[in-house]
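Written below as structure tokens is the structure these notes are about.
2 protein chains.
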Amino acid sequence: MSAPDDGALRVAEPPAEAPADPPAEVPAVRRRRGPYAKSAERRRAIVAAAFDVFATRGFRAASLREVAERVGMSQTTLLHHFPSKEELFLAVIASRDAVEPVLAPDALRGLAAEDPRIPAVRFADLITTQASFNEGVPGVIQLYAVLVGEGVTDDHPGRDYFAERFARMRAGYVVDLERLRDLGLLRDGVDPAIAAATIIALWDGIQLQWLYDADAVDMAAALRDYLALILPLPA
Amino acid sequence: MSAPDDGALRVAEPPAEAPADPPAEVPAVRRRRGPYAKSAERRRAIVAAAFDVFATRGFRAASLREVAERVGMSQTTLLHHFPSKEELFLAVIASRDAVEPVLAPDALRGLAAEDPRIPAVRFADLITTQASFNEGVPGVIQLYAVLVGEGVTDDHPGRDYFAERFARMRAGYVVDLERLRDLGLLRDGVDPAIAAATIIALWDGIQLQWLYDADAVDMAAALRDYLALILPLPA
Chain A
1 MSAPDDGALR VAEPPAEAPA DPPAEVPAVR RRRGPYAKSA ERRRAIVAAA
51 FDVFATRGFR AASLREVAER VGMSQTTLLH HFPSKEELFL AVIASRDAVE
101 PVLAPDALRG LAAEDPRIPA VRFADLITTQ ASFNEGVPGV IQLYAVLVGE
151 GVTDDHPGRD YFAERFARMR AGYVVDLERL RDLGLLRDGV DPAIAAATII
201 ALWDGIQLQW LYDADAVDMA AALRDYLALI LPLPA
Chain B
1 MSAPDDGALR VAEPPAEAPA DPPAEVPAVR RRRGPYAKSA ERRRAIVAAA
51 FDVFATRGFR AASLREVAER VGMSQTTLLH HFPSKEELFL AVIASRDAVE
101 PVLAPDALRG LAAEDPRIPA VRFADLITTQ ASFNEGVPGV IQLYAVLVGE
151 GVTDDHPGRD YFAERFARMR AGYVVDLERL RDLGLLRDGV DPAIAAATII
201 ALWDGIQLQW LYDADAVDMA AALRDYLALI LPLPA
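Those protein sequence lines, which keep their order, are chains A and B.
Here the first sequence is numbered in the UniProt record's numbering, starting from 1 and rising by one per residue.
Here the second sequence is numbered in the UniProt record's numbering, starting from 1 and rising by one per residue.
So, in structure tokens, the structure goes:
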């Protein structure tokens, strides 16, 4: 799979930055070049630059001056778009969450259309497909690793964000795993709440080891092997 | 179990800071109050203060001035003991690794002396005992989480340290798991290398979730449940 050096290049457009419909008085031909679109472009450029600076220096040590220099604007202009470092943090982290896998899952190949294991296979495949995709966007993984660690320090803007994100992710996986259990597809004795936290924990932890030595660990294999212990996945 | 607010208070003495035998000419009664012992005490105080500052602010944002103020000495005096922030980093991280669990494992209770599962139970119990112990030293977990995330940023003194630490830990668990496999105690199909990386990853990841919400996850239970999937542990 292709592996661009810089995950930021493949970051999808952050939802908050998406161009809205232009005001009615703007002629149709100028729609995508008007002042609003230009402002949105600048905001995207700032977010992309801040993404790299936060990922390579951390949030605290990052300076708005360095971000401004990278996009070739003054710090004053940058502050016009993002009045505080905290607001820039939230835009960067939103752009990270907007990254979507582009791979087409093919885990169902070879299974009969009526195979009762299909819901379990789909659940596992979404996770391992995302993990494989992430190997191609190391910048995205690095940004996350740096900010989620830094987020537990005093008065960090990531604290609430990550606490809520973890809670939301755990709750989502619990719903999925309880549904699988009700279908008879979760191994007896596996607690959906503990398994939900385990999937997220294993994923975070294996990404961290991968950042330190990409040749030493196989992220998708680690997740797949765990999921195969709790779900009836084909070998 | 008792849970002190500040893990640093329970950090064992770093090996590098242990008082050596005093020179022969020092009278015996002054041994522990001589200039060498005083210097070692000061180094320990600096390391304890730096531990807290790094854990609450991160390495990059931490200032030597703040560390010096906490121990009531000038920055010049601090630099006499630790000539660089990097050297202080290594001393702090060594003091973290010196933290040892004080719990007495009792997982073998109820097993017959000749139970063939004992090696697997011991292996799992060392891990879950350490995880339970860690809940009592949140400062130690927080320092680790902050530094291991920050360590992947450019030119960070933690990069080599954590890369080597991960490699050493994986290698250690691989040896243990291969031995258990040779005893017929590892579930068929489990790859010792992947399982070794998984134990470390799950541990790191669940500690991270715990730092964000200690009530939402049970670190020891997550590790025990995973280990029970790959080893023949008593229910």
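No residue lacks a Cβ here, since even glycine has one placed at the ideal position from N, Cα and C.
Everything numeric in this text was worked out from a predicted model, so none of it was measured.
By the Cβ neighbour-count rule, valine 152/B is buried, with 16 or more other Cβ atoms within 10 Å of its own. For glycine 139/A, no Cβ of chain B is located within less than 7 Å of the residue's own Cβ.
At a cut-off of 7 Å between C-beta atoms, isoleucine 199/A does not count as an interface residue with respect to chain B. Secondary structure note for proline 192/A: its alpha helix (DSSP H) is the uninterrupted segment 192 to 212. With fewer than 16 other Cβ atoms inside 10 Å of its own Cβ, aspartate 215/A counts as exposed. Here leucine 78/A has Ile46, Leu64, Val67, Ala68 as same chain residues with Cβ atoms under 7 Å from its own Cβ, once five neighbours each way along the sequence are excluded.
Your pair alanine 196/A and leucine 177/A checks out as a contact, with CB atoms roughly 6 Å apart and the cut at 8 Å. Pairing alanine 61/B with valine 92/B gives a Cβ-Cβ distance that is not under 7 Å.
Counting along the chain, leucine 64/B sits inside the alpha helix (DSSP H) bounded by residues 64 to 70.
Within chain B, the C-beta atoms nearer than 7 Å to that of glycine 58/A come from Gly58, Arg60, Glu150, Thr153, in chain order. Taking 8 Å as the Cβ-Cβ cut-off, the segment 157 to 172 of chain A approaches chain B at Arg159, Phe162, Ala163, Phe166, Ala167, Arg170, given in chain order. Inter-residue distance for proline 83/A and arginine 43/A is about 12 Å (C-alpha atoms, whole angstroms). One thing to note: glutamine 209/B has its Cβ no nearer than 7 Å to the Cβ of phenylalanine 123/A. The DSSP-derived three-state label of serine 74/A is coil.
Under a 10 Å Cβ-count criterion, proline 138/A is classified as buried, with 16 or more other Cβ atoms of the shown protein chains found around its own Cβ.
Taking all protein chains in view, the Cβ of serine 132/A is crowded by 16 or more other Cβ atoms within 10 Å, so the residue is classified as buried.
Against chain A, the beta carbon of valine 217/B has neighbours under 7 Å at Ala197, listed in chain order. DSSP places proline 83/B in no alpha helix (DSSP H); its state is neither H nor E. If you check the CB distance, alanine 193/B and tyrosine 212/A do not come in under 7 Å. The beta carbons of leucine 202/B and tyrosine 226/B sit closer together than 7 Å.
For the pair glycine 205/B and glycine 34/A, the Cα-to-Cα distance works out to about 46 Å. With contacts defined as CB atoms closer than 7 Å, glycine 149/B and glycine 149/A qualify as a contacting pair. Taking 7 Å as the cut-off, the Cβ atoms of leucine 147/A and glycine 158/A count as close.
Linking tyrosine 144/B to leucine 126/A through their CA atoms gives a straight-line distance of about 30 Å. With its beta carbon less than 7 Å from one in chain A, aspartate 225/B belongs to the interface. Among the CB atoms of chain B, one or more fall inside 7 Å of the CB of valine 146/A. Setting aside the 5 residues that flank it on each side, alanine 222/A is surrounded in the same chain by Leu202, Ile206, each with a C-beta closer than 7 Å to its C-beta; the list follows chain order. Among the residues facing chain A, glycine 110/B is not included, as its CB has no counterpart in that chain under 7 Å away. Tyrosine 36/B has a beta carbon lying at 7 Å or more from every beta carbon in chain A. For the options Ser39/B, Lys85/B, Tyr36/B, Ser74/B, the alpha carbon positioned closest to that of phenylalanine 54/B is the one of Lys85/B.
If the five residues before and after glycine 58/A are omitted, its C-beta is found closer than 7 Å to the C-beta atoms of Val146, Glu150, all from its own chain and listed in chain order.
Secondary structure at aspartate 115/B: coil, using DSSP grouped into helix, strand and coil. Across the segment 44 to 57 of chain B, CB contacts with chain A closer than 7 Å involve Thr56, Arg57, in sequence order along the chain. Between leucine 185/A and alanine 120/A, the beta carbon gap of about 4 Å places them in contact (Cβ cut-off 8 Å).
Distance from the CA atom of leucine 233/B to the CA atom of asparagine 134/B, rounded to whole angstroms, is 22 Å. With a cutoff of 7 Å on beta-carbon distance, arginine 187/A and threonine 128/A are scored as not near each other.
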